[in-house]
Every structure is written in C-alpha cells, then in structure tokens.
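Comments concern the structure below.
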Amino acid sequence: MGKTTHGAAPFVALGILGLMLSSACVERSEELSAAQRERVRTHVSRTAPHPSHPLDIAFGDSVELIGYDLSEETWARGTDLTVTWHWKVLAPVGDDYRLFTHIEARGTDTLNHDGDGAVRGLYPPSRWQAGEYIRDEQRIHLPSEWGMGPSGATATDAAFYVGFWRGNERLPVRRGAQDGDNRARPLTIPVSGGNPVEAGPPRMPELVASRALSSITVDGDLHDPGWLASPWSQPFVQTMNGAQARFEARARVVYDDTYLYVAFQVADTNLQSPHRNADDHLWEQDCVEVFLDPDGDGRNYFEIQVSPRGVVFDTRYDSRRQPQPFGHVNWQSQAQVGVALRGTLDDDQVDEGYHVELRVPFSALVAEGSAATQEAPAPGSTWRMNFYVMEKSPNGQDAAGWSPVLVPDFHATDRFGRVTFRDLPRNQRANPERPSVNATEAALEDRGRALQETAERVEAQNRPAPGEHPVAP
Numbered sequence: 000m001g002k003t004t005h006g007a008a009p010f011v012a013l014g015i016l017g018l019m020l021s022s023a024c025v026e027r028s029e030e031l032s033a034a035q036r037e038r039v040r041t042h043v044s045r046t047a048p049h050p051s052h053p054l055d056i057a058f059g060d061s062v063e064l065i066g067y068d069l070s071e072e073t074w075a076r077g078t079d080l081t082v083t084w085h086w087k088v089l090a091p092v093g094d095d096y097r098l099f100t101h102i103e104a105r106g107t108d109t110l111n112h113d114g115d116g117a118v119r120g121l122y123p124p125s126r127w128q129a130g131e132y133i134r135d136e137q138r139i140h141l142p143s144e145w146g147m148g149p150s151g152a153t154a155t156d157a158a159f160y161v162g163f164w165r166g167n168e169r170l171p172v173r174r175g176a177q178d179g180d181n182r183a184r185p186l187t188i189p190v191s192g193g194n195p196v197e198a199g200p201p202r203m204p205e206l207v208a209s210r211a212l213s214s215i216t217v218d219g220d221l222h223d224p225g226w227l228a229s230p231w232s233q234p235f236v237q238t239m240n241g242a243q244a245r246f247e248a249r250a251r252v253v254y255d256d257t258y259l260y261v262a263f264q265v266a267d268t269n270l271q272s273p274h275r276n277a278d279d280h281l282w283e284q285d286c287v288e289v290f291l292d293p294d295g296d297g298r299n300y301f302e303i304q305v306s307p308r309g310v311v312f313d314t315r316y317d318s319r320r321q322p323q324p325f326g327h328v329n330w331q332s333q334a335q336v337g338v339a340l341r342g343t344l345d346d347d348q349v350d351e352g353y354h355v356e357l358r359v360p361f362s363a364l365v366a367e368g369s370a371a372t373q374e375a376p377a378p379g380s381t382w383r384m385n386f387y388v389m390e391k392s393p394n395g396q397d398a399a400g401w402s403p404v405l406v407p408d409f410h411a412t413d414r415f416g417r418v419t420f421r422d423l424p425r426n427q428r429a430n431p432e433r434p435s436v437n438a439t440e441a442a443l444e445d446r447g448r449a450l451q452e453t454a455e456r457v458e459a460q461n462r463p464a465p466g467e468h469p470v471a472p
C-alpha cells in the first residue's frame, strides 16, 4: 500500500503550541517535555499529506477528515492494526473537544479507543490551529474473540466510527457517511480468524474479603501477614469485552473493625505520574481506581484513585456520574495510601510496575453532612465494587479492570463485581492498636492450610468451564 509523504517545509506549529499551553482551557494543562514536543512535531504539519485512502468528511465548520492509511488491508483477530487518520483543520474546534474511535460488528461488540495515540494524549483537538494537518496514528488490538458468536456466527468485517465529543455533545457530521448520531463511518475492514465462543456477556466476578489476620502497615509493602487471609483477584481484563488485558494487574481486599484495605499489584514498564496535588485528574496518567457501592443500588457510591506518586483523587456520586462533571469532589475519603515503586517516575528508564496499599475508614463512606453512619460490614454481607488501572502508554492510554463493564464508562454500577466479607474466629482477629507478633505467627500457622484451601476453592469457582469465554472472576 502507499505511504503517506510529507513535504520538507519547516514545522511551524510548535510555536503556536507553546502559546496555547499557557492559555487553552483544556483538562491537560501541564507543559509538554522536550521529548513530548518532539513526538508532537512528527504529527503536525502545514503541508498537505497524501493518504492512501482519500476521504471527504466534514465535521462542523472546523475539521475535515481527508483520508487514512492502514498497516494491513485485512485485520486478523488477535493482532494489531495501525490506522492513521489525516485531519485538516479549517478553524479552531473549541475548548475541551476530544476525538473518539469506535469499532463495531453488527452494531455490537464495540471497542472504544478514544484516547489511543500520541496526538490524542499530547495534542488534542482543543489545541489544533487553522491551517494544520494532523497525522493521528492509532495502533489497535483486535481481541481474538471479537465479533465471534456461538457455532461460528462470526462478524466478517469491522466498522470504524470516528468523531469529536465534549460532554454530552458531538460535532455534527456536515458531509460524509455517518450513522445518524454524528459518528462518521470512514472505514470498514475485513476481519478473519478467531474461534467461536459461548453466547452471553462475561459474568461478573466475585471475591472474598477476609478480616485481616494482623495489623497492616500502609507503606506499599504487600508482604504484611495481615493480607494473607484474602485471595488475590484473578488478572484484570479489558473493560469493554473481558478479554486479556495488555498488562498485568490484580487486587485483594481485607478489613477490620475500622478500615477497609485494598491492595494492587500493577505491571508497568513506563511509570508516568506528573500530578502532585490532591484531586488532580489522575486518570490522565498512571493510577489505580477503586469504586465502592456498599448497598449495591447504584446510588451514593464512592470513587478513590491513587497515583504511583501517592496522590489521591476522591469523590462521591449521588447516582451514575451525577452530579457532573466529577461528583462531590469535596467529599473526603480520609484515605491513607502507601506506594512501592518498582522503577522510577517520569523518565525514559524501563520500569517494572508498582504496588499500592489503600486504607479507608468505614466511617468516611457516607454523604457529606449526613447523620447516617457506615460501620464495618457484617460477616456474609456483600458490597459491589470495581477496580481499575489506567496506564499511560506511548500510543495513548490503556485500561484494565476487575469486572468488565462492557461499555465505555467505568461508572456502570450494574457491572460492578461482588465482594463478600468473611469473619475470622475472635482469637485470630487482629488488634490494630496493639498487634501481637506471637499471636500473628500462631494464627498464620493455624490457618495456613485453611487459607490455601479457601484460595484454591475461590479460584476453582471462578475458573471458566471448558469452552467458556476466559475472563477474570
């Protein structure tokens, strides 16, 4: 296939970019590093490109999609495809607009790749200037089970939908093929390969949260004996379809009379954590996220995020994503966090990942000013929870979650997993005020075999049956 070529005219948009960094009203406002500016340089030009697949699609009076390039003309399941969109900027798009890319089969099995690609992370549409040509490159993985139904009912092509969104609105598609909802349809590509799977969505996972065997020091070191009473979750999965995630992550939960504890293990080869202030938008870079819905009704639920730097974002919602835009950010979780890095932050060194310990008092899990109280859950009770990891990658943002929500919204409370609280015999409970090493060692010895059996039983319950779609519990 033909390659896109660019003229040798000097790049002139970076000066404008530098000015915009100090004036644009966009979520991501920090200045770009020299390396990031160099990455942007290769994606923005004043010289018209020559895409191998020309198009003529107009979005409002601001932008035209003039074509695309493909790394392959057929997409095999289980492989990556690089698609490069070529945008022509006629006028400023407007504050806070972002690009979206949806891939669908028969109107279902939607893959959401809104944030993938260097342009979308570093130079979003809200910064584009009239006269620029934007080379928007996305590398997208097609899961091996995507578009596959039982008994060989298989999608034979993938339809791409692209456009611009801001809150609940989209830029109108003024010219070109679209779906009637201001999603332009520039591309349909044949797909191949894969194996039939059983019908139905991935099941919602379950996890046991045991009472802590001993007091836990919240420092990111996950070797405290107090954690051993609870099993780890199985690996996190892709949030949209339950397929294997691109990186490894898992969580576990314990509790005592006063606190809920959540631990994360995350594999990450490039730790990025520039945010330094409480309630910064941590989801723009690397972070872990905990969603808590104690009574499981989808109302009055809580969100806590922790970055590898140990910064916390916390908020409470009355109902799904309400109030806009980020809930009651004045709510305070009173969380104590500890992070252990396996690498270094914000540099070019290859990292391994990080561990997070999070401790939240049950008493904080109430609405602001409410006379209600939240106590430690009774043994046998179940809370709805979900756990996510956001990971900044060279090509955009990756996400993984414990329970796949199957829609492009982490706030789908009906898809939160179930965490059931389990008590311990009173003589084996931890005393958080005066922990006893001898008692802890005795408890560990007495319960070691039982814990192993419990972990094996939970794992066996969550293991997919033969032929079942392999997702995390």
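Quick note: the sequence shown uses numbering that gives the first Met the number 0, first residue 0, plus one each step. Beta carbons are placed, not taken as given, at the ideal position from N, Cα and C, and that holds for glycine. This structure is a prediction, so every number in the text was calculated from the model and none was measured.
Per the DSSP calculation, residue i is bridged to which residue(s)?
{"i": "G352", "result": "A266 and R341"}
{"i": "L259", "result": "Y254 and V359"}
{"i": "L80", "result": "I139"}
{"i": "G66", "result": "P53 and H85"}
{"i": "V207", "result": "T419"}
{"i": "H327", "result": "R315"}
{"i": "E481", "result": "No statement about residue 481 is possible, as the shown extent of the chain runs from 0 to 472 and does not include it."}
{"i": "L186", "result": "F159"}
{"i": "L98", "result": "F163"}
{"i": "W74", "result": "V190"}
{"i": "M147", "result": "T153"}
Which class does residue i belong to by DSSP, given the choice of helix, strand or coil?
{"i": "S392", "result": "strand"}
{"i": "N437", "result": "Caution applies to N437, whose pLDDT of 40 falls short of 50 and renders its modelled position unreliable; the model cannot decide the point."}
{"i": "T412", "result": "helix"}
{"i": "Q335", "result": "strand"}
{"i": "N167", "result": "coil"}
{"i": "V39", "result": "helix"}
{"i": "A57", "result": "strand"}
{"i": "S32", "result": "coil"}
{"i": "S272", "result": "coil"}
{"i": "A248", "result": "strand"}
{"i": "A104", "result": "strand"}
{"i": "S125", "result": "helix"}
{"i": "D368", "result": "It is Gly, not Asp, that sits at residue 368 in the sequence shown. Three-state result, G368: coil."}
{"i": "V118", "result": "helix"}
{"i": "G400", "result": "strand"}
{"i": "D110", "result": "In the sequence as presented, Asp is not what sits at residue 110; that position holds Leu. Reduced to three states, the DSSP call for L110 is strand."}
{"i": "W382", "result": "strand"}
Just to confirm my understanding: we take residue i, look at its own chain, exclude 5 residues before and 5 after, and list those with CB closer than 7 Å. What are they?
{"i": "R484", "result": "For residue 484 there is no data in the structure shown, the boundaries of the chain being 0 and 472."}
{"i": "N111", "result": "H101, M239 and P407"}
{"i": "W330", "result": "D313, T314, R315 and E367"}
{"i": "L291", "result": "Y300, F301, L364, W382 and M384"}
{"i": "G121", "result": "The sequence given here has Leu at residue 121, not Gly. Excluding residues within five positions, the ones whose Cβ falls inside 7 Å are L31, Q35, R38 and V39."}
{"i": "A129", "result": "V88, L89, A90 and P91"}
For my contact list, residue i and residue j are in at a C-beta cut-off of 8 Å; report their separation, rounded to the angstrom.
{"i": "G337", "j": "D218", "result": "4 Å"}
{"i": "D113", "j": "G297", "result": "Not really, about 24 Å apart at Cβ, beyond 8 Å."}
{"i": "P204", "j": "G416", "result": "4 Å"}
{"i": "A57", "j": "G179", "result": "No, A57 and G179 are not in contact; Cβ-Cβ is about 16 Å, not under 8 Å."}
Short of 6 Å in beta carbon distance, which residues of its chain neighbour residue i, apart from the five on each side in sequence? Order them along the chain.
{"i": "D79", "result": "R138 and H140"}
{"i": "W282", "result": "M389"}
Could you work out which residue in the options is closest to residue i when comparing CA atoms only?
{"i": "A157", "options": "P185, V359, Q233 and A176", "result": "P185"}
{"i": "T381", "options": "G66, M389, P142 and L206", "result": "L206"}
{"i": "R245", "options": "R251, V236, V253 and V252", "result": "V236"}
{"i": "A266", "options": "D397, Q35, R202 and D317", "result": "D397"}
{"i": "D55", "options": "I303, R173 and R358", "result": "R173"}
{"i": "R119", "options": "G130, A104 and D95", "result": "D95"}
{"i": "P360", "options": "H354, L344 and A334", "result": "A334"}
{"i": "S51", "options": "A57, V62, G66 and Y353", "result": "G66"}
{"i": "T73", "options": "R251, S191 and V328", "result": "S191"}
Between residue i and the rest of its own chain, which residues show a CB-CB distance below 8 Å, the 5 nearest in sequence each way excluded?
{"i": "H42", "result": "A117, V118, Y122, I133, R134, D135 and E136"}
{"i": "T187", "result": "D156, A157, A158 and F159"}
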